[in-house]
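Asks: Here's a structure for you.
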Amino acid sequence: MNFNKMPKIDLHCHLDGSLRAETVLDIIKKNRLELTQSLEGIRKQLTAPLSCSSLDEYLRCFDLPIAVMQTKEDLERVSFELMEDAAMENIKYIEIRFAPQQHTKEGLTTKEIIQSVLQGMSRAEKIYDIKGNYILSCMRHLSAESAMKIVEEGKQFIGQGVVAVDLCGGEVAGFCHKFIEPMKKAREYGYRITVHAGETGIGQNVADAIELLGAERIGHGVFITNSREAYNLVKERKIPLEICPTSNIQTKAVKNYGEHPIYDFYNDEIMVTLNTDNRTVSDTTMTEECIQIEKAFHLKKEEYTDIYLNSVEAAFISEDEKQKLREYIK
Ligand SMILES: O=c1[nH]cnc2c1ncn2[C@H]1C[C@H](O)[C@@H](CO)O1
Ligand SMILES: [Zn+2]
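No gaps in the numbering here: position 153 of the sequence shown is 153 in the UniProt record's numbering, and each next residue is one more.
Put into structure tokens, the structure is as follows:
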């Protein structure tokens, strides 16, 4: 299949993990930041190394991009550029996530941060054949109060380009208990809910995310394989899994593409979707994720279509918008 040409949907893409190295260098120079000044050095710092041994090590690659995402202008720019990069490979719909908590170092308010990325997104939507929405991620190592602040301050943007909240960062067993209150509030306000869970061996976190937090989708969920409860919940309630194969290899969730459970899940009628996670940190694109999965499992056109349609179903958009996305693959 010519995946570059095929219509694609990315429901799990972190803004801060998807910056162009050239842009990072530009912002460093413009803002006179005392950071790496060579393009090659930057590229290296932005990408998870082959030797990456865990999610925690993978997460260290975010320090540099976060350092250059601290002004309105720079947030608007990186948001626009991610939309542009996605449009160039025929992604027709993208849900971009980021954690506003990490962009206050130069004094921006949550409102200014969200407004800036939304402006970049809408500028790109006017030029390219792509639509997007934002997901507000809350860092799991921060407090429930901090997550509540994001839920409260992001509320005014629901339906204006913000659709959901997420929990992300390092994963420890039982993390969901801490976030019951903010996620309950989020649901009451009308946010949709997706949660990173089951990425580092703890299948039970997936069951908790669904039962305690009302997660409608799960980021990764690879380790439902080691919790019968989680597996059955995901299967029976048709909870979509946002699968990101390359990222899972880098964080050592799986050994290689061929050993990824995505195809077993698909054959067992679990609702899998295919996504990038981080275009720069994982040095990938949607096209590349599709190619790798096609190669590993001899994916047929009908199977790719099924996965694309799963993403349409799972997207946090209206029925009319879903219908438009279905038209692309007819
Ligand atoms: O795959 C991931 N799992 C958990 N957290 C992640 C992953 N990729 C990125 N993040 C974190 C690092 C970013 O700074 C944050 C917000 O996008 O989300
Ligand atoms: Zn992620």
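Idealized CB from N, CA, C, for every residue including glycine.
Here the structure is a predicted model, which is why all the values come from computation and not from measurement.
1. Who does residue 352 pair with in a DSSP beta bridge?
2. Using the Cα positions of E319 and M6, report the straight-line distance between them to the nearest angstrom.
3. Nearest to K252 by alpha carbon, out of V24, G201 and P65?
4. When a residue counts only if its C-beta is closer than 6 Å to some heavy atom of ligand 2, which residues count, in chain order?
5. Measuring CB atoms only, is the region 187-194 touching the region 153-164, in the sense that at least three cross pairs come out at less than 8 Å?
6. State the DSSP-derived secondary structure class of E321, mapped to helix, strand or coil.
7. Does DSSP put M139 in a helix, in a strand, or in coil?
8. Looking at the unbroken beta strand (DSSP E) that takes in V272, where does it start and where does it end?
9. Does L299 come out as helix, strand or coil in the three-state DSSP assignment?
10. Please specify which runs of the beta strand (DSSP E), each continuous and at least 3 residues long, are wholly inside the region 205-252, giving them in chain order.
11. What does I158 pair with, by DSSP beta-bridge criteria?
12. Is D16 buried or exposed, if buried means 16 or more other CB atoms sit within 10 Å of its CB?
13. What are the start and end residues of the alpha helix (DSSP H) that includes D56?
14. Bridge partners of V195, per DSSP?
15. Pair every Cβ in the region 50-60 with every Cβ in the region 99-114, then say whether three or more of these pairs are closer than 8 Å.
16. Using DSSP bridges, identify the partner residues of residue 332.
17. Quick one: give me the first and last residue of the beta strand (DSSP E) that K8 is part of.
18. Using a 10 Å radius around the Cβ and a threshold of 16 neighbouring Cβ atoms, would you call T104 buried or exposed?
19. Counting C-beta neighbours from all protein chains within 10 Å, is the total for E22 16 or more, i.e. buried, or is it exposed?
20. How many Å lie between E229 and D208 at the Cα?
21. Would you say S143 and A99 are within 7 Å of each other, going by their C-beta atoms?
22. Could you tell me if D56 is buried or exposed, where buried requires 16 or more neighbouring beta carbons within 10 angstroms of its beta carbon?
Replies: This is what the structure gives:
1. Past the edges of the chain, shown from 1 to 330, lies residue 352, and the structure says nothing about it.
2. Inter-residue distance for E319 and M6 is about 22 Å (C-alpha atoms, whole angstroms).
3. The shortest Cα separation from K252 among V24, G201 and P65 belongs to G201.
4. That query returns the following residues: H12, H14, C168, H196, G219 and D277.
5. These segments touch.
6. Note: E321 maps to helix in three-state DSSP.
7. Strand, per DSSP.
8. Unbroken beta strand (DSSP E) run through V272: V272 to L274.
9. L299: coil per DSSP, three-state reduction.
10. The qualifying runs are 217-220 and 241-243.
11. Bridge pairing for I158: V162 [DSSP].
12. A residue is called buried when at least 16 other Cβ atoms come within 10 angstroms of its Cβ; D16 meets this threshold and is buried.
13. First-last of the alpha helix (DSSP H) with D56: L55 to L59.
14. Bridge partners of V195: I218.
15. With contact defined as three or more Cβ pairs closer than 8 Å, the region 50-60 and the region 99-114 are not in contact.
16. Missing from the structure shown is residue 332; the chain here goes from 1 to 330 and no further.
17. Segment K8 to H14, the beta strand (DSSP E) holding K8.
18. T104 is exposed by the Cβ-count criterion.
19. Classification for E22: exposed.
20. In this model, E229 and D208 are separated by some 10 Å (Cα to Cα).
21. No. Outside cutoff.
22. Taking a 10 Å sphere around the C-beta of D56, we find fewer than 16 other C-beta atoms and assign the residue as exposed.
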